[in-house]
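So the sequence shown is residues 1 to 294, counted in the working numbering. Here a beta-carbon is modelled for each residue, glycine too, at the ideal position from N, C-alpha and C. Just so it is clear, the structure is predicted and the values come from calculations on it, not from any experiment. One structure is given below, encoded as structure tokens.
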Amino acid sequence: MKKLFYFFVISLFLIGCAPQNKKELIIATNQWIGYTPLYYAYEKGYLKKLNIKIINSVSLAEAADIFRIGQADMVTTTQHEYNSLKKSIHDIVPVILLDRSDGGDMVLSNRSITELQKADKIYAYLEVDSINQEILKDFIKHSSLDIKKFVFINKDQEQIQDINYKKELKKKKNIVIVTYTPYNTSLEHQGFKEVASTKSIDSIIVIDAICTTKSLLENDRKRVVALKKIIDRSIDEIKENPKDAYNVTAKYLSNISYKEYLDSLKNIKWINKPSDELLEFLSKYHYTKESIIK
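Shown next as structure tokens:
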């Protein structure tokens, strides 16, 4: 009888110590200042409590591909990647809104817009299968440029960083680069100037969110809601103590300086607590407000 009692006590202890979230959830993401709450929550151990980890990729398209092939349960996207994924994963839905770019996505160039208008040929570096493509199209239209003069070069942001621009500039090439923070800092150090951004061109809208499938949301809703609370907490702590947040997350952001980090944060607006008006506005990008956790 005593042995049975000890067995019962040990069983209760093991049950109490077992993780509540048995299946590990993986979020595919990439370098972007608006995804800092995820990096922060991961480094602080907040995600570990929910048995969630992140995979950091080199581009928006790669993160989407990781989700598409089933190697991740959730993914960070702009509206471009979300709608692209929806063509093959019909039950994908946005669940947590993160930020809206307010200058964080930009077009850099070694020429002024007037010089680009006069150029015979323009070399454009960008992630073709991403929001970069839509940004460039809006920039071309807004700046009255001739799309026929463009040579499009598909590179992820790390590859764009690695190009020997001194060699390219010696050839007197007209170069345009579509990029985003934190990648813009090293390019600006090489002499490229901003000629357009999500702040200067109203038609360029970039919304970032965490997406998953309807089935995961239905089957594991409590954990998704808990993740939303952690995102809210992380954003609050980033605002309250930016220096600590920088120290924790700089390695995810190409180790930019603290000043560059603060400047990058100024180029986004947090939308993790969306208004009904914002949700109505986002419906034009096929964001279903019923799935978004407020």
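Report yes if the C-beta distance between D208 and T78 is below 8 Å; otherwise report no. Yes.
With a threshold of 6 Å on Cβ separation, who are the neighbours of L12 within its own chain once the five nearest residues in sequence on each side are excluded? Because the pLDDT of L12 is 40, which lies under 50, any placement of that residue in the model is unreliable, and the question is left without a value.
Tell me, to the nearest whole angstrom, how far the beta carbon of T249 is from that of Y39; I am working on the premise that it is less than 8 Å. Confirmed, about 4 Å.
N-terminal and C-terminal residue of the beta strand (DSSP E) that L126 is part of: Here the beta strand (DSSP E) through L126 covers 122-126.
Nearest-angstrom Cα separation, counted from I153 out to N51: Near 39 Å, if we compare the C-alpha coordinates of I153 and N51.
Is the segment 119-131 touching the segment 163-180, taking contact as three or more C-beta pairs under 8 Å? The answer is yes - the segment 163-180 touches the segment 119-131, with three or more Cβ pairs under 8 Å.
Could you have a look at N83 and say whether DSSP puts it in helix, strand or coil? Looking at N83 - three-state DSSP - the assignment turns out to be helix.
Give, in chain order, every unbroken run of the alpha helix (DSSP H) that is at least 4 residues long and sits entirely within the segment 97-165. Correct list: 113-118, 131-142, 157-162.
The beta strand (DSSP E) that contains Y180, what's its start and end? In the DSSP annotation of this structure, the continuous segment of the beta strand (DSSP E) that includes Y180 starts and ends at 175-180.
Where A209 sits in the DSSP three-state scheme: Residue state, collapsed to three classes: strand.
Give the secondary structure of K243 by DSSP, where H, G and I count as helix, E and B as strand, and everything else as coil. Reduced to three states, the DSSP call for K243 is helix.
Please list, in chain order, all residues of the same chain as L217 whose beta carbon is under 7 Å from its beta carbon, the five residues on each side excluded. Beyond the five residues adjoining it in sequence on each side, L217 comes within less than 7 Å, by CB distance, of V93, V95, V224, S291 in the same chain, given in chain order.
Rounded to the nearest angstrom, what separates E277 and S264 at their Cα positions? If you draw a straight line from the Cα of E277 to the Cα of S264, it is about 26 Å long.
A28 and A72 closer than 8 Å at C-beta: Result yes, Cβ atoms of A28 and A72 sit closer than 8 Å.
Just list the residues that DSSP pairs N296 with in beta bridges. Shown here, the chain extends from 1 to 294; a query on residue 296 therefore has no answer.
To the nearest angstrom, how far is it from the Cα of L279 to the Cα of N164? Each residue's Cα considered, the two are about 43 Å apart.
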